[in-house]
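Undergrad: Letter by letter, the sequence shown follows residues 830 to 985 of this note's numbering.
This is the structure I have questions about; it appears just below.
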Amino acid sequence: MAKIGYARVSTADHNLDLQIHALLEAGCQQDATFSDTISGATTERPGRDRLLATVQPGDTVIVWRLDRLGRSATDVMRIIEHFLEKEITLFSIKEGLDSSTRMGKAMIHIASVFAELERETIRERVMSGFEGARRRGTHFGRKRNLNADQREAIVQ
């Protein structure tokens with residue numbers, strides 16, 4: 830009946846320390862804490878895969894937030910269903926959700942849907958910002974090496 834932790838940050842610029850500290854405070858052992866530094870949009874998560882291979886019936890998986898587990902509500906729900914089938918409890922620190930209760934199970938389902946909605950909203954805002962910047966003439970990417978006259982000369 831181990832407490833096993835999982836943490837994920839989306840880029841190397843972000844820091845796992847806060848999540849790892851919270852998992853240890855929640856009773857996870859350092860050697861039973863898995864992590865990934867990888868985008869939420871990426872399906873490959875070696876730390877999560879090791880967690881899923883390690884966890885046993887009766888164990889409790891503890892996460893900082895539900896959205897750390899997967900990239901979509903469907904992905905998170907698939908993992909939660911796997912845990913429920915294997916009699917593995919899921920506890921989310923930030924949301925205070927515990928799958929060992931009926932209310933906790935229901936709230937986990939709802940929270941995962943809202944987490945996906947939040948990700949989609951953020952993505953839409955970022956894309957809208959890029960579109961606005963492009964309309965204003967902002968150039969993205971590396972600096973151009975050729976000026977307009979040089980580019981025109983090459984085309985001809």
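Glycine included, every Cβ here is placed at the ideal spot set by N, Cα and C.
#1: Compare the Cα-Cα distances from residue 912 to each of 887, 868, 922 and 935 and report the closest residue.
#2: Give me the Cα-Cα distance between residue 948 and residue 860, rounded to the nearest whole angstrom.
#3: Is it buried or exposed for residue 959, if we count other Cβ within 10 angstroms and need 16 for buried?
#4: Let me know if residue 928 comes out buried or exposed under the rule of 16 or more other beta-carbons within 10 Å of its beta-carbon.
#5: Do you know how far the Cα of residue 920 is from the Cα of residue 883?
#6: Between the alpha carbons of residue 939 and residue 930, how many angstroms are there, rounded?
#7: Any idea which residues DSSP pairs residue 880 with across the strands?
#8: For residue 832, which residues does DSSP report across the bridge?
#9: Identify which residue in 932, 937 and 885 has its Cα closest to the Cα of residue 915.
TA: Let me lay it out:
#1: Nearest in C-alpha terms to residue 912, of all of 887, 868, 922 and 935, is 887.
#2: When rounded, the distance between both Cα atoms is 31 Å.
#3: If you draw a 10 Å sphere on the C-beta of residue 959, you find fewer than 16 other C-beta atoms in it, and that means exposed.
#4: Classification of residue 928: buried, given that the 10 Å Cβ count is 16 or more.
#5: In a straight line, the C-alpha of residue 883 is about 17 Å away from that of residue 920.
#6: Per the coordinates, the alpha-carbon of residue 939 lies some 14 Å from the alpha-carbon of residue 930.
#7: The partner list for residue 880 (beta bridge, DSSP) is empty, contrary to what the question assumes.
#8: Residue 832 has 889 as its beta-bridge partners, per DSSP.
#9: It is 885 whose Cα lies nearest to the Cα of residue 915.
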